[in-house]
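Participant:
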Amino acid sequence: MTSRRIKLLIPKDRAELIPLLFTIFLICLYVTFELCVILPAIHHNIFTDKEISHLIFGFYVIFNLIGNLYICMITDTSINTIICPVLLPSTIVNSISTRKTQQDIIYYHCNWHYCHSCEVNVPPRSQHCRTCKICILKRDHHCIFLGRCIGFRNIRYYMCFLVWTWIGLVYCNILHMDYTYELVGTFSWRVMISCLCPLIAWLFNFVDHFSLLLSCICSTSIILSLYVLFLIIQQSFLISNSQTWYEYDKDIHTYNTGKGLRFNLQLVFGKRWYLALLNPLISSQPLGDGMSFDMHRSETRDAQNTGTKYI
Numbered sequence: 001m002t003s004r005r006i007k008l009l010i011p012k013d014r015a016e017l018i019p020l021l022f023t024i025f026l027i028c029l030y031v032t033f034e035l036c037v038i039l040p041a042i043h044h045n046i047f048t049d050k051e052i053s054h055l056i057f058g059f060y061v062i063f064n065l066i067g068n069l070y071i072c073m074i075t076d077t078s079i080n081t082i083i084c085p086v087l088l089p090s091t092i093v094n095s096i097s098t099r100k101t102q103q104d105i106i107y108y109h110c111n112w113h114y115c116h117s118c119e120v121n122v123p124p125r126s127q128h129c130r131t132c133k134i135c136i137l138k139r140d141h142h143c144i145f146l147g148r149c150i151g152f153r154n155i156r157y158y159m160c161f162l163v164w165t166w167i168g169l170v171y172c173n174i175l176h177m178d179y180t181y182e183l184v185g186t187f188s189w190r191v192m193i194s195c196l197c198p199l200i201a202w203l204f205n206f207v208d209h210f211s212l213l214l215s216c217i218c219s220t221s222i223i224l225s226l227y228v229l230f231l232i233i234q235q236s237f238l239i240s241n242s243q244t245w246y247e248y249d250k251d252i253h254t255y256n257t258g259k260g261l262r263f264n265l266q267l268v269f270g271k272r273w274y275l276a277l278l279n280p281l282i283s284s285q286p287l288g289d290g291m292s293f294d295m296h297r298s299e300t301r302d303a304q305n306t307g308t309k310y311i
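With the UniProt record's numbering, the residue at position 86 of the sequence shown is 86, and numbering never jumps.
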């Protein structure tokens, strides 16, 4: 079991080791920077109640961030975790000879279908990943920074990883503001240029070499926090509409049954969705088995024109 988990930590595409190692490097860099530079400068190496509270909250953020990252990477969400049927009804197999229309795409996506790459019948919403070289249950997308596909079983940990990464970056930005104010005593346009455009500030001798390094770290945290927030908004939109990226791209709304946001959250985070964000070790299995999904019956424009109704 341990060797299997270690194997899952290594991306299938060895080229993705670079962005993965870069992600881990940034996490280690910010943790070291905050603990060894920022907090000692703000609190003058004196263990006050305020600094202890900062340390407790910081380690809580790190625990959730690393925990969700680790579980997301070792969770196998591929079809290897299920038993796929050998035969499918002929009505399903024979009805997908062509998938040029929107109706054909929906029909193919909402039924068990044959994957020619894996040479096996796969459940609805499963998509083949060319990088992972296997079909993923309820595949959402492939994350190059984690070297892992995000699907039915690990999307909860992926979302929690993004949320806690954003919380950690915002917390770092707040500490950086306190650190800057501690150094210069006030905020000025030179300070803002140094934080947002460190290279320009260095060229005009606003900062020295060490301050350039600090300014680069501070400016990077601002940019990363905005980028991660953008990812969270995107993924939250898909979750609220009960869609994956493939379904959004193909304009498939079949799985949005209209049961409300709470039900859609349970599909991703489980029945204890309100606790899933607090701790990655809290058990909260997503609703369903990744092979069958609730659908609302709809008729597309193609079906209306041909008089055929598949769903």
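All C-beta atoms in this analysis are idealised placements derived from N, C-alpha and C, irrespective of residue type, glycine included.
With 16 as the cutoff for other CB atoms within 10 Å, does Y157 come out buried or exposed?
Facilitator: So Y157 counts as buried.
Participant: Taking the straight line between their C-alpha atoms, what separation do you get for L9 and Y248?
Facilitator: Spanning the two alpha carbons is a distance of roughly 29 Å.
Participant: Which residues in the same chain have their Cβ closer than 7 Å to the Cβ of D178, if we skip the five residues on either side of it in sequence?
Facilitator: Counting only Cβ-Cβ distances below 7 Å, and skipping sequence neighbours, we find I42.
Participant: Counting C-beta neighbours from all protein chains within 10 Å, is the total for T91 16 or more, i.e. buried, or is it exposed?
Facilitator: Because the pLDDT at T91 is just 46, under 50, the model does not fix this residue reliably, and the point stays unresolved.
Participant: Y255 lies in the alpha helix (DSSP H); which residues open and close that run?
Facilitator: Here Y255 belongs to no alpha helix (DSSP H), and DSSP marks it neither H nor E.
Participant: From what residue to what residue does the beta strand (DSSP E) around V122 run?
Facilitator: Per DSSP, V122 belongs to the beta strand (DSSP E) from V120 to V122.
Participant: Where does H141 fall in DSSP's three states?
Facilitator: Looking at H141 - three-state DSSP - the assignment turns out to be strand.
Participant: Can you grab the Cα-Cα spacing for the pair S95 / G270, in whole Å?
Facilitator: Because S95 sits at a pLDDT of 45, beneath the cut-off of 50, its placement in the model cannot be relied upon, and the following sentence gives the value as read from the coordinates. Approximately 34 Å between the Cα atoms of the pair.
Participant: I'd like the list of long-range same chain contacts for I268, defined as Cβ closer than 8 Å, with 5 residues on each side in sequence excluded.
Facilitator: According to the sequence provided, residue 268 is Val. The question's Ile does not apply to it. The answer, listed in chain order, is I155, R156, M159, I239 and P286.
Participant: Shortest alpha-carbon distance to I18 belongs to which of E34, S225 and C143?
Facilitator: Of E34, S225 and C143, the residue nearest in Cα terms is C143.
Participant: Thinking just about the alpha-carbon of each residue, which of F161, I174 and T165 is nearest to the one in I71?
Facilitator: Checking every option, the nearest Cα to that of I71 belongs to F161.
Participant: Pick helix, strand or coil for I150, following the three-state DSSP scheme.
Facilitator: DSSP places I150 in strand when its eight states are reduced to three.
Participant: At the level of alpha carbons, what is the spacing between I38 and L169?
Facilitator: About 14 Å.
Participant: Can you give the Cα-Cα distance for P11 and S292, rounded to whole angstroms?
Facilitator: Each residue's Cα considered, the two are about 28 Å apart.
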